[in-house]
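I have placed the structure first, in the form of structure tokens, so that the comments after it can refer back to it.
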DNA sequence: CGACATAGTTAGCTATGCTAAGTAAATCCG
DNA sequence: CGGATTTACTTAGCATAGCTAACTATGTCG
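Protein chains in written order, with the working numbering: chain A, 7 to 155; chain B, 7 to 155.
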């Protein structure tokens, strides 16, 4: 009988996890000031670097923003030579967007800063606690991937 | 073998947790469209409701933004009658900021939407997984509170 | 009293989100 | 074939939210 009715309050847990996520990102975001680009550009660049070239529409969907917003984010990335528009030979309406080598480099540096910062905060945790965090991250990923509406 | 036996790679874990936090907040943020106010106003209101009245400077510090930014966030909250400025009798330079009843109501509704959404995504998890998430949230809170620079 | 310190505001810039409307290309269909 | 529709992106215009620099008002201290 799986936690019916008297479950260890799911909403309470969701609340605490929600709060933890907010605080975590609030902290790491401070490390981004050194990257020279804003959070939306950084995040879009990340999708491009790890996901490979894609159309503007796909990138907008991946970032959960509307196409006009992605047009502008891309304009910013191009101005900084971090990404580029490429003609799509199959459909001239579409644009392929690709990270440049400079973009990939900047992304990896920024990511390293964020991760180092977090890892430093985790330095006092035991191996057991670290393993628990790792598992929690995977559970969250899985839970959010399912039930995707 | 990314882990040389002993310590599970702290940076790998930080990376996955970072990514999980991003995805989690990206999902819940979509629920906020119904609240009618932006994320910064929502977050500041949350601090006011749970932390009680405080000065503009304290509120800015809590939200990790600069005073001019908080001035504008507060202007937006006041326009919507969600918070109000109060004279500080002890020091006329200072402002006390307080959430209104309407503000508290709106906050609780928005929070409920976010939490319900998350809790729904967690509905397929076992009690054990839920307990793990809960513990992870507490570990993250603790890790970020310490080593605060 | 005058100099300095502190708290907020104003002004002006950038980035990021939106909707509505425009342009260009592909596709549908009579 | 060719006009109507759909699709992909851009442009225009608006709002929020971040910053620094400079200003105002108030408090504190020598």
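We put the beta carbon where it would ideally sit given N, CA and C, even for glycine.
- Per DSSP, the continuous beta strand (DSSP E) segment holding residue 89 of chain B begins and ends at 89-93.
- About 4 Å separates the beta carbon of residue 125 of chain A from that of residue 16 of chain B, a gap short enough to meet the 8 Å contact definition.
- Chain A has a Cβ within less than 9 Å of the Cβ of residue 121 of chain B.
- Under DSSP, residue 102 of chain A shares a beta bridge with A:61 and A:92.
- The Cβ of residue 143 of chain A sits closer than 9 Å to at least one Cβ of chain B.
- In terms of Cβ geometry, residue 61 of chain A and residue 100 of chain A form a close pair [threshold 9 Å].
- Excluding residues up to 5 positions away in sequence, nothing lies with its Cβ nearer than 6 Å to the Cβ of residue 21 of chain A in the same chain.
- DSSP places residue 97 of chain A in the coil class of the three-state scheme, outside both helix and strand.
- Note on geometry: alpha-carbon atoms of residue 140 of chain B and residue 40 of chain A lie some 33 Å from one another.
- Spatial neighbours of residue 119 of chain A in its own chain (CB-CB distance under 7 Å, excluding positions within 5 residues in sequence) are listed in chain order as 37 and 40.
- With contacts defined as CB atoms closer than 9 Å, residue 89 of chain B and residue 106 of chain B qualify as a contacting pair.
- Interface criterion not met: the Cβ of residue 92 of chain B is under 9 Å from no Cβ in chain A.
- From the beta-carbon of residue 38 of chain A, no residue of chain B is found nearer than 7 Å; the closest lies around 12 Å away.
- Taking 9 Å as the upper bound on Cβ-Cβ separation, chain A lies near residues 117, 118, 120, 121, 122, 123, 124, 125, 126, 127, 128, 129, 130, 131, 132, 133, 135, 136, 137, 138, 139, 140 and 141 of the region 107-141 of chain B.
- In the structure shown, the three-state DSSP call for residue 134 of chain A is helix.
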